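Worksheet: the structure to be examined is printed underneath.
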Amino acid sequence: MSAGAQLSVTDQRRMARHPVDHPVIAEHHGTGDMRMHIANISANGFMIDDAQNVARGDRVVVRLPVIGRIEAYCIWSRDNRAGFQFERIIRVDDFLSLIDELQPNPRLRKLR
């Protein structure tokens with residue numbers, strides 16, 4: 001039996017990442033609520049730049065605009081950064097609405 005996260009979607013870190021500045025309170029399944037700062041996001045996951053006490057395989061639940069509550073698994077952690085993969089892929093139209101809300105400056109959005 002393997003340890004760690006059992007992800008239903010394959011690792012797709014090549015997806016376009018959008019820079020954002022979005023603080024969230026994540027529900028960590030081991031330590032309870034914790035503050036996180038999302039620095040970039042894609043339809044498959046996000047990166048935080050203030051990772052403290054986060055290890056590979058950790059599960060969190062975050063609440064995002066448009067999307068609502070979604071579970072994510074830490075797939076990598078280095079220094080003060082960590083990358084999380086969503087338990088499911090976000091639909092394209094929902095993701096574009098999310099980006100419009102999180103990154104209102106159109107010059108900072110990636111080309112669509």
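Residue numbers (full-length UniProt numbering): 1 to 112.
All C-beta atoms, glycine included, are put in the ideal place defined by N, C-alpha and C.
Bear in mind that the values here come from a model prediction, so they are computed numbers and not experimental data.
Boundaries of the alpha helix (DSSP H) in which residue i is found, first to last residue
i	result
Ser-97	92-102
Helix, strand or coil at residue i [DSSP, three-state]
i	result
Asn-40	strand
Gly-57	coil
8 Å CB neighbourhood of residue i in its chain, flanking five on each side removed
i	result
Asp-11	At Asp-11, the pLDDT of 47 sits below 50, so the modelled position is not reliable and the matter cannot be decided from this model.
Met-1	For Met-1, the predicted structure reports a pLDDT of 42, less than 50, and the residue's modelled location is therefore unreliable. A value from the coordinates is still provided. Nothing listed; no residue qualifies.
Val-9	Model confidence at Val-9 stands at a pLDDT of 48, short of 50, so the residue's coordinates are unreliable; what they give is reported in the following sentence. Within the same chain, Val-9 has close Cβ partners Asn-44, Gln-85, Phe-86, Glu-87, Arg-88, Ile-89.
Spatial neighbours of residue i in its chain, beta-carbon cut-off 6 Å, leaving aside the 5 residues before and after
i	result
Arg-17	Asn-40, Ser-42
Residue nearest to residue i in terms of C-alpha spacing, selected from the options
i	options	result
residue 114	Ser-77, Leu-102, Asp-21	The question about residue 114 has no answer here: the residues shown for the chain are numbered 1 through 112.
Residue i and residue j closer than 9 Å at C-beta
i	j	result
Ile-38	Ile-25	no
Arg-91	Ile-70	no
Ala-51	Arg-81	yes
Ile-67	Asp-33	no
Glu-27	Val-62	yes
For residue i, the first and last residue of its enclosing beta strand (DSSP E)
i	result
Asp-21	18-28
Gln-85	81-86
Ala-51	Where Ala-51 is concerned, there is no enclosing beta strand (DSSP E), given that its DSSP letter is neither H nor E.
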